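Oh and the sequence shown: position 132 is 134 in the numbering used here, straight run, nothing missing.
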Amino acid sequence: MKQGVLVMKISTKGRYALRMMIDLAEHENCGFIALKDIAERQNLSKKYLEQIVPAFNKTGVLRTNRGFQGGYQLSRSPDQYTVGEILRLTEGSLSPVSCLDQEPVGCERSADCPTLPIWQGLEKVINDYLDSITLQDILDRQRERYANDYVI
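So this is what it looks like as structure tokens:
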């Protein structure tokens, strides 16, 4: 990595969690969905999805059903989930610098830090942007894209 370059990367866990939630939103009328079906459709590892699900189970984001017709489904409608919410559940903080992970800011230099407002502004832009996109928005864009691909 070049010196002085700010890099914020969403982990595989966050990206796969988002894909899993989009898949559940796409199939919300199909009842409970088995992880193996999501894994197959999304070309993901079922074992990896099994590691992601506990982050959602603790928060009530998903409904679960055990047994023969078991699986997962969204507990709310797709328009009530934001990308920001999903990523924060899997990634933790989306802050561009670690000093913003604590409230109040946990750095002893924060009172005199000339760059703190920059990082706070970037954090606000990141969170505002990711919180402005819902699962429903993603589904709508996807449907629109496929509708525009129609050829006679």
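Cβ coordinates follow ideal geometry from the N, Cα and C atoms, glycine included.
All values reported here derive from a predicted model rather than from experimental measurement.
- Taken through DSSP and simplified to helix, strand or coil, residue 45 comes out as coil.
- A straight line joining the alpha-carbon of residue 31 with that of residue 114 spans about 54 Å.
- Per DSSP, residue 31 lies in no beta strand (DSSP E) and is assigned neither H nor E.
- Within the same chain, Cβ atoms closer than 7 Å to the Cβ of residue 93 are found at 12, 13, 16, the five residues on either side in sequence being excluded.
- Pairwise C-beta distances place the stretch 93-102 in contact with the stretch 124-136, as three or more of them are shorter than 8 Å.
- In the three-state DSSP reduction, residue 78 falls in the coil class, being neither helix nor strand.
- When DSSP reads this structure, residue 66 sits in a beta bridge with 74.
- 47 is the residue among 34, 47, 10 whose C-alpha sits nearest the C-alpha of residue 19.
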